[in-house]
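Just so you know, the numbering used here puts 135 at position 86 of the sequence shown, and the rest follows in order with no gaps.
From the three backbone atoms N, C-alpha and C, an ideal C-beta is built for every residue, glycine too.
Comments concern the structure below.
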Amino acid sequence: MAKFKLDEIDHQILDMLIDNTRVPFTDIAKKLLISAGTVHVRVKKMEDAGIIKGSSLTLDYKKLGYSFIAYVGVFLQNTSQTKFVLERINEIPHVTVAHITTGKFNIFCKIRAKDTSHAKEVIFKLDDIDGVYRTETMISLEESINDKKRLMHSIFNEL
């Protein structure tokens, strides 16, 4: 497949969708002075090219009672156990992100919990997985930066 080329209109459409994935195409069209059909066609092309992969919903976990965030580095007894351990991690719903990593940890996870006691339960579940040698936890005091748009604009400037 040939490389998909984004133009300034595509950038502006993506910019608005990153702010709010539910913004109607008609609203985007009005702001960009193009037709809603044009927005629809451009979004469809970006989806077909794999640039847009679905849409997501942003939840306020604090309002839902899950404001505690911790990062857990997982050490494996053997790297050949990675797939098995990841399958077990995937069964723990409070582990929201898991990465296979190089360096100190074999796997690096983000967990969301209600409080420290709840986080301890989640961490113990990770520790109990066959193949996990040990874990190391870091508590997040505050999420200071979470800005997808800065990266997106940097990527656009490189294109």
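When the beta-carbon positions are compared, V144 and L106 stay at least 9 Å from each other. In the DSSP assignment, V72 falls outside any alpha helix (DSSP H) and carries neither an H nor an E. Beta bridge pairing from DSSP links T186 with V121. For the region 112 to 168, the continuous alpha helix (DSSP H) assignments of 4+ residues that do not extend past its boundaries occur at 131 to 138, in sequence order. In this structure, H148 lies away from I141, with their beta-carbon atoms at least 9 Å apart. The region 61 to 78 makes contact with the region 196 to 204; the number of CB pairs closer than 8 Å reaches 3 or more. Residue pairing from DSSP places V181 in a beta bridge opposite L125. Rounded to the nearest whole angstrom, the C-alpha separation of R137 and R161 is 17 Å. Shortest Cα-Cα distance from T75 to any of A85, L135, Y120, N69 involves A85. Taken through DSSP and simplified to helix, strand or coil, D196 comes out as coil. The continuous stretches of alpha helix (DSSP H) do not include K102, and DSSP gives it neither H nor E. Out of K79, D196, F154, the CA that lies nearest to the CA of N127 is found in F154.
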